[in-house]
Amino acid sequence: MALTIHTTVGDIKVELACSEAPRNSENFLKHAAAGTYSGTKFHRVIPGFAAQAGDPTGTGKGGEAADGGFVADEFSDSLSHSRRGVVSMAKPSKRSVANGSQFFITLSPQPHLDGTFTVIGSVIGGEHALDRIEACRVTAKGRPATEEDAVTITTVTIHANPFATA
1 MALTIHTTVG
11 DIKVELACSE
21 APRNSENFLK
31 HAAAGTYSGT
41 KFHRVIPGFA
51 AQAGDPTGTG
61 KGGEAADGGF
71 VADEFSDSLS
81 HSRRGVVSMA
91 KPSKRSVANG
101 SQFFITLSPQ
111 PHLDGTFTVI
121 GSVIGGEHAL
131 DRIEACRVTA
141 KGRPATEEDA
151 VTITTVTIHA
161 NPFATA
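Each residue of the sequence shown is one higher than the one before, counting from 1 in the UniProt record's numbering.
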């Protein structure tokens, strides 16, 4: 199951792990279908680590699950943060034990995140866009240095949704 995240610096094609992380993948797809991600920014970019997005408030503290509340983590031995381009759900706070709308894309291997963050997929196209996101000017805390430096998600195209009902 693939989708494309369209951004102001290019498109990122993602293959979701719907079988291994079904609840979190479905939540991500519901947000994408509802337009939750359209107009949101990559609000946190740490070069060499990860780029985080999906917070409708833009603060890094917001974003519930598509059906309200949060979705519990799902871990699989077959999914790992072992390479650049792994897509995982992000928690709205360090103390949170569940996922809402926020997600991140690894910019290098981060295996220490395994068992803490739910992997929902991987980038299968659009490395150039990841490079441009990683190269955007950010503050010491990883926030875009200026509004002009922020990379925005314009929309998400879902190519197939195994959870959609007819």
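Glycine is no exception: its CB is placed at the ideal position from the N, C-alpha and C atoms.
Scanning its chain for C-beta atoms nearer than 6 Å, with the 5 sequence neighbours on each side dropped, one finds around I46 the residues G142, in chain order. For H128, the uninterrupted alpha helix (DSSP H) segment begins and ends at 127-134.
Within the UniProt domain "PPIase cyclophilin-type" (6-147), the runs of beta strand (DSSP E) that reach at least 3 residues and sit entirely inside it are, in chain order, 10-16, 44-46, 50-53, 86-89, 103-106, 119-125. DSSP links A2 through a beta bridge to E15. With fewer than 16 other Cβ atoms from the protein chains shown falling within 10 Å of its own Cβ, E127 counts as exposed. For T157, the enclosing beta strand (DSSP E) stretches over residues 153-158. Just measuring C-alpha positions, the residue of R84, F75, D131 sitting nearest S25 is F75.
Restricting attention to H81, L3, M89, T59, the CA atom closest to the CA of V14 is found in L3. By a beta-carbon distance limit of 8 Å, A53 does not contact I158. Their separation comes to about 17 Å. Beta-carbon to beta-carbon, A50 and I105 are separated by about 6 Å, close enough to satisfy the 8 Å threshold. Nearest C-alpha to A72 among H112, A164, F28: F28. Around the beta carbon of P111, fewer than 16 other beta carbons lie within 10 angstroms, which makes this residue exposed.
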